[in-house]
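Quick note: the sequence shown uses the UniProt record's numbering, first residue 1, plus one each step. Here's the structure, in structure tokens; my notes come after.
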Amino acid sequence: MVIYTFFKSATEKFKVIPHPEVIRLINNEDAVVIDLRTLDEFQRGHIINSINLLPSDIKNANLGKIEQHKENH
């Protein structure tokens, strides 16, 4: 899994973390899961409260969905 660190610029820092740590972050730290699959794949099934972004969105710093999620939670 990949977690984006919001305290850095949009494309500067990504971190690969083990699954147990992902579960801990989601359950205890209000982490947000970003699903990088296509919209069609995402709509067929995804983790509750995850956000769907394309890799190109991240590359182009098009992170409006993340900002909206931060404002709503």
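Note that beta-carbon positions come from the ideal geometry of N, C-alpha and C, so glycine has one too.
Short Cβ contact (9 Å threshold) for valine 22 with isoleucine 66: No, the Cβ-Cβ distance between valine 22 and isoleucine 66 is not below 9 Å.
Suppose you measure from the CA of proline 36 to the CA of asparagine 28; what does that come to, to the nearest Å? Strictly speaking, residue 36 in this sequence is leucine, with proline absent from that position. So the alpha carbons of these two residues sit roughly 23 Å apart.
Using CA coordinates, which residue listed in Asn72, Arg44, Thr38 is at the minimum distance from aspartate 57? Comparing Cα-Cα distances from aspartate 57 to each of Asn72, Arg44, Thr38, the minimum goes to Thr38.
Contacts around histidine 19, its chain only, beta-carbon distance under 6 Å, and the 5 residues preceding and following it disregarded: No residues qualify anywhere along the chain.
Taking its Cβ as the centre, do 16 or more other Cβ atoms sit within 10 Å of isoleucine 34, making it buried, or is it exposed? Counting Cβ neighbours within 10 Å, isoleucine 34 comes out buried, since at least 16 surround it.
Within the continuous alpha helix (DSSP H) that includes aspartate 30, where are the two ends? Per DSSP, aspartate 30 belongs to no alpha helix (DSSP H) and is neither H nor E.
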